[in-house]
Structure formats: structure tokens, C-alpha cells
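Numbered according to the working numbering, the sequence shown spans residues 10 to 320.
Below is one structure, written out as C-alpha cells, with a few remarks after it.
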Amino acid sequence: MNLKGRSFLTLKDFTPEEIMYMVDLAAELKAKKKQGITGNSLKGKNIALIFEKPSTRTRCSFTIGCIDEGGHPEYLGREDIQLGYKESVEDTARVLGRMFDGIEFRGFSQETVEKLAKYSGVPVWNGLTDEYHPTQILADFLTLKEQFGRLGGLKLVFVGDGRNNMANSLMIGSAKMGLDFVILAPKSLWPEEELVALCRGYAKESGGSVAVTDDLSAVEGADAVYTDVWCSMGEEDKAAERIALLSPYQVNEELLKRTGKESTIFLHCLPAVKGKEVTEEIFEKYADIVFDEAENRMHTIKAVMVATLGN
Ligand code: CP
Ligand code: NVA
Numbered sequence: 010m011n012l013k014g015r016s017f018l019t020l021k022d023f024t025p026e027e028i029m030y031m032v033d034l035a036a037e038l039k040a041k042k043k044q045g046i047t048g049n050s051l052k053g054k055n056i057a058l059i060f061e062k063p064s065t066r067t068r069c070s071f072t073i074g075c076i077d078e079g080g081h082p083e084y085l086g087r088e089d090i091q092l093g094y095k096e097s098v099e100d101t102a103r104v105l106g107r108m109f110d111g112i113e114f115r116g117f118s119q120e121t122v123e124k125l126a127k128y129s130g131v132p133v134w135n136g137l138t139d140e141y142h143p144t145q146i147l148a149d150f151l152t153l154k155e156q157f158g159r160l161g162g163l164k165l166v167f168v169g170d171g172r173n174n175m176a177n178s179l180m181i182g183s184a185k186m187g188l189d190f191v192i193l194a195p196k197s198l199w200p201e202e203e204l205v206a207l208c209r210g211y212a213k214e215s216g217g218s219v220a221v222t223d224d225l226s227a228v229e230g231a232d233a234v235y236t237d238v239w240c241s242m243g244e245e246d247k248a249a250e251r252i253a254l255l256s257p258y259q260v261n262e263e264l265l266k267r268t269g270k271e272s273t274i275f276l277h278c279l280p281a282v283k284g285k286e287v288t289e290e291i292f293e294k295y296a297d298i299v300f301d302e303a304e305n306r307m308h309t310i311k312a313v314m315v316a317t318l319g320n
């Protein structure tokens, strides 16, 4: 598998084989790191980390993943550069592309990360936009594989804001990898029809399925129930409206009982607002898995950098 020179902007751009390759590479790098073995794959590579929005996991994963492989990361926060307001995205991209070997971007617009890729000429990795969060999905898939030994045929139910970056990216990834994927959300928070149709096309190829519903009974048979914050970064002013809409969709004991399975696991991309999208009790019950998932951000992000830029 050769992904050298590729950008990682959305999972739409990757085949199921390529996605599985990155997940498996992450598992390999994780096993090595546990034995104290790190690599040299990014030796001599300089990597820019652009963050318009805050981050714990993604920033630390890119930083540690890069250093573990012998590269140099450089953090460029919102106040540090003038991306898109005093300098055009195109110009910043062309400057960074002359100096850096790879660029991570977290921010608002998907268009920005796409422009960075187009104009920098180096691999660009999407560390989250309003629309997508593709590196998170690789960590979620590695965690599911660790728990169940497979991805295909698993039933994954995402409960909450069904039109956010997590819902969109989980839907794309799950459809490609043959999961039975459900978005469980009130109608006003359903994903765009066009994206659902595209994902149904992927599912047809993979043997998976995609459903969107507001009926809580859809959690029945779930192998994993996933949730995310009700207000994504930049939507803080929507808190009251979202609480009213989403309170019936809280992941709590009662909802998990409706899966009818003892083996169902709970996943969360974090950060979590306990007492809102998930109860403290359920969060703590599944904390070991949720923090495996958080740790897996680092191994999977390292795998993306190694696969697309490593020697
Ligand atoms: N899950 C995730 O992306 O976390 P951060 O916002 O802390 O990077
Ligand atoms: N939907 C969340 C994900 C955080 C990792 C947000 O965009 O804030």
C-alpha cells in the first residue's frame, strides 16, 4: 500500500483497504511503542500544526506522534499566524509548503484545509473542521477492532447531534468499512441528505448499511453506542436550544438497556460534558475503553503521518 504524498482531508478520499491499512499500521506502531520501540520514519521532516480551535488529544497526538518518529512539530495557534485574515490561505499555504514537509490543520472551514492542501504542495491532514473529523474515526476503528476483532458487521449507533463533524465522518467511515451504522437524532439535527445518499452508496459496496432515525428503539442490537457533545466548538450559543432538543437522546442506563445486549460498549471522542450527552455513571462504567480510544488518537495519527510522509 502506498499513500506517500497523499493528504488526509476526508475519509471520502480513501478506499476501505487504505483505511484498514492505516488502522493496522497504527496497531503495529502501538505494539512497538509498548515495547519501547519508536521509529525514525519522520527524521528530518518539519511538521506545521495549525490550530484555529483548541485541542488536547489532536494537538498532543500530532506532537508526540511526530517526535516519536524523529520529526519536528511546530505549533501555530490562532494568535500566532494571520491565516485567512491578514494573509490569504493560499499565500500562507505557499509559504508553509516551502518550509514544512507536512501540515496539520484544525479549524472551522473544510474549504480552508482543502486550500492548504491545494496550494502548499505537501501532505495536509485534517485535525477537525466544522464538517469532518477523519483522524478521530481511525482511532474509533482501532478501538472497535481491539474490542471486537473486526469492523464489518458491527452495529454502531451514533446518538446526539446527527449533523456534526463526528456524525458525518463516522457515517462515511462506517459505510466504507461495512458497519451497520445508525444516526439517532431529532429530525432537525439530521445529516445532509446528499451525504447520506453518498454513504448509502459506499455501504452498498461494503455490505454495510446507513440508517437515520429519531426512534430510540434503533439502539436495539448495538455493539457500540457513540455520542459527542451537543454543542460543537463554535456553537456554544446554541446550548439552550440543544439541551431542549437532545435531552431525550442522552446516553444513560435506560438507553443502553434498550440495546438488549450485555456486550455493548460506549464510545466518545471527548471532551465529554457529563450530565448532558452522557451520564457520569455510564461514562465511568466505560472509562477504560473511552480512554483507550483517546490514546488511540496518538497511534492512528502517527500512522497517518508515517503512511503519507514517512521514509
Ligand atoms: N477528540 C478530539 O479531537 O479531542 P481534542 O479536541 O482534544 O483534540
Ligand atoms: N463535535 C465536536 C468534536 C470534538 C472532538 C466539536 O467539533 O467540538
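Idealized CB from N, CA, C, for every residue including glycine.
Residue i (DSSP reduced to helix, strand or coil)
i      : result
Tyr94  : coil
Leu85  : strand
Ser178 : helix
Tyr235 : strand
Val122 : helix
Leu193 : strand
Arg115 : strand
Ser218 : strand
Phe109 : coil
Asn135 : strand
Val104 : helix
Phe292 : helix
Lys13  : coil
Closer than 7 angstroms: residue i CB and nearest the ligand NVA heavy atom
i      : result
Ser241 : yes
Asn305 : no
Leu8   : One cannot answer for residue 8 here, as it falls past the ends of the chain, which runs 10 to 320.
Asp301 : no
Val238 : yes
His277 : no
Leu137 : yes
Per-residue burial, residue i [other beta carbons within 10 Å of its own, 16 or more giving buried]
i      : result
Gln44  : exposed
Gly116 : buried
Phe300 : exposed
Thr78  : Inspection of the sequence shows that residue 78 is occupied by Glu rather than by Thr. Glu78 is buried by the Cβ-count criterion.
Met180 : buried
Leu285 : Residue identity check: residue 285 is Lys in the sequence provided, not Leu. The residue in question, Lys285, is buried, as its Cβ has 16 or more Cβ neighbours within 10 Å.
Glu302 : buried
Met108 : exposed
Pro25  : buried
Met10  : exposed
Ser70  : buried
Ser178 : buried
6 angstroms CB neighbourhood of residue i in its chain, flanking five on each side removed
i      : result
Thr19  : Tyr141, Pro143
Cys240 : Lys247, Ala248, Arg251
Proximity test, residue i beta-carbon vs the ligand CP heavy atom, cut-off 7 angstroms
i      : result
Leu92  : no
Leu147 : no
Arg172 : no
Cys75  : no
Thr67  : yes
Pro280 : yes
Leu105 : no
Beta-carbon proximity list for residue i, same chain, < 7 angstroms, skipping 5 on both sides
i      : result
Lys13  : Thr317
Val98  : Leu92, Thr121, Lys124, Leu125
Val131 : Gly106, Phe109, Asp110, Gly111, Ile112
Residues near residue i in its chain [Cβ-Cβ closer than 8 angstroms; skip 5 each side]
i      : result
Val313 : Phe17, Met31, Trp134, Thr144, Leu147
Original post:
Given 8 angstroms as the limit, is there contact between the segment 135–148 and the segment 209–217, that is, 3 or more CB pairs closer than that?
Top reply: Contact between the segment 135–148 and the segment 209–217 is absent, because fewer than three Cβ pairs lie under 8 angstroms.
Original post:
Is the number of C-beta pairs between the segment 185–199 and the segment 224–242 that are closer than 8 angstroms three or more?
Top reply: yes
Original post:
When the Cβ atoms of the segment 174–193 are set against those of the segment 284–293, are three or more pairs found closer than 8 angstroms?
Top reply: They do not touch, by the three-pair rule.
Original post:
Between the segment 48–59 and the segment 258–267, do three or more beta carbon pairs fall short of 8 angstroms?
Top reply: no
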